[in-house]
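**Student:**
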Amino acid sequence: MNRITRGNRLLFGGDYNPEQWSEETWLEDVRLMKQAHVTTATLGVFAWSSLEPREGVFEFGWLDRVIDLLWANGIGVMLSTPTASPPPWFTKAHPEAMPITKAGLKLVHGSRDTYNPAAPAYREAAKRITRALGERYGQHPALQGWHIHNEYGSVSYGPFVDDAFRHWLQGRYGDLASLNRAWSSAFWSQGYGEWDEILAPQQTQYLSNPTHELDFKRFSAELLLECYRDQLTILRQLSPDLPLTTNFILSSWLNFDHWDFADASDFVSIDFYLDGDGVEGAAHAAFGADQARSFARGKPWLLMEQAANTTVRPGRIVAKPAGEILRTSAQYIANGSQGALFFQWRAGLGGSESFHSTMVPHVGEDSRTFREVTELGAFIERMAEVAEQPSGQVNARKVAIVWDSDSWWAAEGTNLPSNGFNFQSAVRRLHRQLWFKGIGVDFVRPGDDLDQYDLLLIAGQLIASDSDAESLERFVRGGGQAVLWYFSGSFDTDFRVIPNGYSGVFARTLGIRVEELLPLNSGETVLLDDGATGSDWSEVVQLRGAEAIASYSTGFASGQPAITRNSIGAGHAYYVSTNLDSDRLSALLDTVLGAAEIEPDATGAGGGLEIVRRHAGDQTYLFVINHTDTERSTAATGVDILTGIHHDGDLLVPAGVILVIKE
Ligand code: GAL
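All the letters of the sequence shown, read from the start, carry residue numbers 0 to 662 under numbering that gives the first Met the number 0.
#1: Mapping the DSSP letters down to three states, classify Glu95 as helix, strand or coil.
#2: Of all the beta strand (DSSP E) runs that stay within the bounds of the region 211–264, which reach a length of 3 or more residues?
#3: Less than 8 Å between the beta carbons of Thr667 and Thr90, yes or no?
#4: Taking 6 Å as the limit between beta carbons, can you name the residues of its chain near Ala35, skipping five residues before and five after?
#5: Can you find a C-beta in chain C that's less than 8 Å from the C-beta of Asp589?
#6: Does the Cβ-Cβ distance between Lys298 and Gln201 come in under 8 Å?
#7: Taking the alpha-carbon positions, what's the Thr577 to Ala399 distance?
#8: Okay, do the region 51–63 and the region 95–112 touch, 3+ Cβ pairs below 8 Å being the bar?
#9: Whole alpha helix (DSSP H) runs in the region 601–659 with 4 or more residues, listed along the chain?
#10: Which residue from Tyr121, Tyr452, Ala634 puts its Cα closest to that of Ala665?
#11: Under 7 Å: does the beta carbon of Glu221 sit that close to some heavy atom of the ligand GAL?
#12: Just to confirm, does Asn565 get its C-beta within under 7 Å of one of the non-hydrogen atoms of the ligand GAL?
#13: Give the range of the beta strand (DSSP E) segment to which Phe57 is assigned.
#14: Mind checking Ser688: buried by the 16 CB within 10 Å criterion, or exposed?
#15: Does the beta-carbon of Thr82, which I'm using as the reference point, lie nearer than 7 Å to any heavy atom of the ligand GAL?
#16: When you compare only the Cα positions, how much space is there between Arg367 and Ala321?
#17: For Ile562, is the beta carbon positioned less than 7 Å from some heavy atom of the ligand GAL?
#18: Note down the Cα distance separating Leu249 from Gly133, rounded to an integer number of angstroms.
#19: The ligand GAL heavy atoms versus the CB of Thr310: any closer than 7 Å?
#20: Measuring only from the beta carbon, is Phe342 closer than 7 Å to any heavy atom that is part of the ligand GAL?
#21: Please classify Ser79: does DSSP put it in a helix, a strand, or coil?
#22: Using C-beta distances below 6 Å, list every residue in its chain close to Thr619, excluding the 5 sequence neighbours before and after it, in chain order.
#23: Taking the Cβ atom as the reference point for each residue, do Ala468 and Val504 lie within a distance shorter than 8 Å?
#24: How should Pro653 be labelled, buried or exposed, when 16 other C-beta atoms within 10 angstroms of its C-beta is the threshold for buried?
#25: Taking its Cβ as the centre, do 16 or more other Cβ atoms sit within 10 Å of Gly510, making it buried, or is it exposed?
#26: Please give the ranges of any alpha helix (DSSP H) in the region 317–392, keeping only runs that are unbroken, at least 4 residues long and fully inside the region.
#27: How far does the beta strand (DSSP E) with Trp300 in it reach, from first residue to last?
#28: Report the rounded CA-to-CA distance for Trp194 versus Leu178, giving the unit in angstroms.
#29: In the DSSP assignment, what residue or residues form a beta bridge with Asn565?
#30: For the ligand GAL, is there a heavy atom less than 7 Å away from the beta-carbon of Asp274?
#31: May I ask you to report which of helix, strand or coil DSSP gives Tyr136?
#32: Output the boundary residues of the alpha helix (DSSP H) element that contains Asp467.
#33: Here's the rule: buried if 16 or more other CB atoms are within 10 angstroms of the residue's CB, otherwise exposed. What is Gln204?
#34: At which residues does the beta strand (DSSP E) containing Leu666 begin and terminate?
#35: Can you say whether Phe218 is buried or exposed, counting buried as having 16 or more other CB atoms within 10 angstroms of its CB?
#36: Suppose you measure from the CA of Met0 to the CA of Leu302; what does that come to, to the nearest Å?
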């Protein structure tokens, strides 16, 4: 049986903070939850001071009552450990466990995520509250799973971190000579003679050492994973039948590796907040869903948080027009999510996030938002049959995009020849283009088995190993089409330049030698002889077996190859040495999709008509979501489980409409 959904319902609900409300309001909440078809309340996120008001003194009475109340009304619980926000007593008792910023500033409570993950007092306190919760609720029938912590990502500096970092470095390098070599420490007199001379990379006078910084990001990610494991170990003992997760923030925090965290989890959960409107927002949601499904590598996964309406983010306010929460949630479910949850149930009357949208807004149930929430609840209830085990898999993807944390972190380095280098936007741009073409995508980690794929895209994978190069070569020789973008494979795993030609690790397979990097200033462009425009970057590329399929016609590299193709074995390896304008990028992707014989996943898919086939046992469901404001058409055979209408062949999909066809 599917351990999250218990084989019968997709999850619907959200973060619920009863500790902020009177018991009278709880009764009102339960009435509204039932009205909205809520299955699941995530309790306890950030509730540490209500659960342990003084060190070692627990108050579980309120939580007992609220869990029992929910359960008596048929609502399950995702129980969270509150360790993302230690209470004020913790600061007072353990001032040494407060985080220290890169600039050396010691922080105190008053917000959230204020702790040093390397401080023994924090680790012990987090384990103690986890154990207490596990002992008390580990066997409670209301629990559907454990939600550990909230969005790991905290970073600290200072003495505890320095010690732990040195220990980690000893494990990685063994001796100082190796570390000095890897860190190129002869530059600017940084040679280390004793381990205790090494500090976590706090703010420096001028540019810092890039490998030191990269190693610290790697270390910080592993430190957080250790914190996660502390709690996983306790809860696996005390609550062996329940699945464990922690909610990921969509790739924007630096010190957290999604692949490693996913491997440690029983199921993956992701928090998704739109950063665009309309069809662009839908493309962003598809990116989040494809990432979560890919990170999960076949395990179940869940949309743990989203906003019911307006999200206020620094520099951006995204509001949701009518129908959008239904479409975004359907999109996640289509792509395999075990439900659709929100942050949060009821809008706070005070506190820093009181104007973040919620399922029950300040104005109450008589509101568009709550009506749409209720409509979504009913929609999810009708999706029950897709929750059967095994479910959550989608039609096999033929295109893989490499997602590599090391390269993402390295791209933040101050040593690079251009500030315009951004791993995330390079990857996201490719995903967006393919989504608009109706082509499904998986993300893969360097080293993953590529057998299932016919097209491999590598953008901005700065750091690559010899085995990554071998894997690319094998993929292409075996008949795959691969496209690599500039600067990929230019550094070894110590973030040192590979000499004798940039993109060095992959150069042999690409049949090129990159002699010179010619990054462009912001706003500067170069032209290609096929009419394309390039920005951000250009290069002097020499052919070493490859052919030029477009050349520069302006700029320092005028007359020299800009896009190349190498035929090796049964496949092709393309190299793109500039950031192509959207039309040319689209045309290039069409060429390689054609060569790989990859077609849209369904008739009419693309341009904002999203069509995904989700599997549940032997049954398949075709989700058709029209994110556009015009009628679109597709073809399908089966019964729409929302309307009961039987379709056989061509069908029209009105603007904004969702169909779920049992095939
Ligand atoms: C999430 C976080 C929630 C809430 C939300 C606001 O990233 O997990 O606790 O802060 O953002 O959008």
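A virtual CB, placed ideally from N, CA and C, is assigned to each residue, including glycine.
**Tutor:** Once the coordinates are examined:
#1: Correct three-state label for Glu95: helix.
#2: For the region 211–264, whole beta strand (DSSP E) runs of length 3 or above, ordered along the chain, are 246–248.
#3: Any answer about residue 667 is impossible in this case: the structure gives the chain only from 0 up to 662.
#4: Around Ala35: Val372, Thr373, Gly376.
#5: In the structure shown, chain C does not exist; there is a single protein chain.
#6: Not in contact: Lys298 and Gln201 (Cβ atoms no closer than 8 Å).
#7: The straight-line gap from Cα to Cα measures roughly 21 Å.
#8: Counting Cβ pairs under 8 Å, fewer than three are found: no touch.
#9: Taking only runs of at least 4 residues, no alpha helix (DSSP H) segment lies wholly in the region 601–659.
#10: Given that the chain is displayed from residue 0 to residue 662, the structure contains no residue 665 and the question cannot be resolved.
#11: No - the ligand GAL has no heavy atom lying nearer than 7 Å to the Cβ of Glu221.
#12: No, the ligand GAL has no heavy atom inside 7 Å of this Cβ.
#13: Looking at the DSSP string, Phe57 is not in any beta strand (DSSP E), and its letter there is neither H nor E.
#14: With the chain covering 0 to 662 only, the question about residue 688 has no answer from this structure.
#15: No, the Cβ of Thr82 stays beyond 7 Å of every heavy atom of the ligand GAL.
#16: The alpha-carbon of Arg367 is positioned some 8 Å away from that of Ala321.
#17: Not so, every heavy atom of the ligand GAL lies at least 7 Å from the Cβ.
#18: The alpha-carbon atoms of Leu249 and Gly133 are separated by roughly 28 Å.
#19: With a cut-off of 7 Å, the C-beta of Thr310 is classified as near the ligand GAL, since at least one heavy atom of the ligand falls inside that distance.
#20: Phe342 Cβ: within cutoff of the ligand GAL.
#21: DSSP, reduced to helix, strand and coil, places Ser79 within a strand of the structure shown.
#22: Sequence-distant Cβ neighbours of Thr619 in its own chain, meaning closer than 6 Å and more than five residues away, are Arg612, Glu662.
#23: Cβ atoms of Ala468 and Val504: closer than 8 Å.
#24: Under the 10 Å beta carbon count, Pro653 is surrounded by fewer than 16 other beta carbons and is classified as exposed.
#25: So Gly510 counts as buried.
#26: For the alpha helix (DSSP H) assignment, the uninterrupted runs of no fewer than 4 residues enclosed by the region 317–392 are, from N- to C-terminal side, 323–333, 367–381.
#27: Note, Trp300: beta strand (DSSP E), 300–304.
#28: For Trp194 and Leu178, the gap between their C-alpha atoms comes out near 10 Å.
#29: Looking at the DSSP assignment, Asn565 forms a beta bridge with Ala572.
#30: Remark: the C-beta of Asp274 is outside contact range of the ligand GAL, defined as less than 7 Å to any heavy atom.
#31: Here Tyr136 carries a helix assignment [DSSP, helix/strand/coil].
#32: That run of the alpha helix (DSSP H) goes 465–476.
#33: By the Cβ-count criterion, Gln204 is exposed, with fewer than 16 other Cβ atoms from all chains shown falling within 10 Å of its own Cβ.
#34: Residue 666 lies beyond the range of the chain shown here (0 to 662); nothing can be said about it.
#35: The residue in question, Phe218, is buried, as its Cβ has 16 or more Cβ neighbours within 10 Å.
#36: The predicted position of Met0 is uncertain, since its pLDDT is 46 and thus under 50; no value can be drawn from it.
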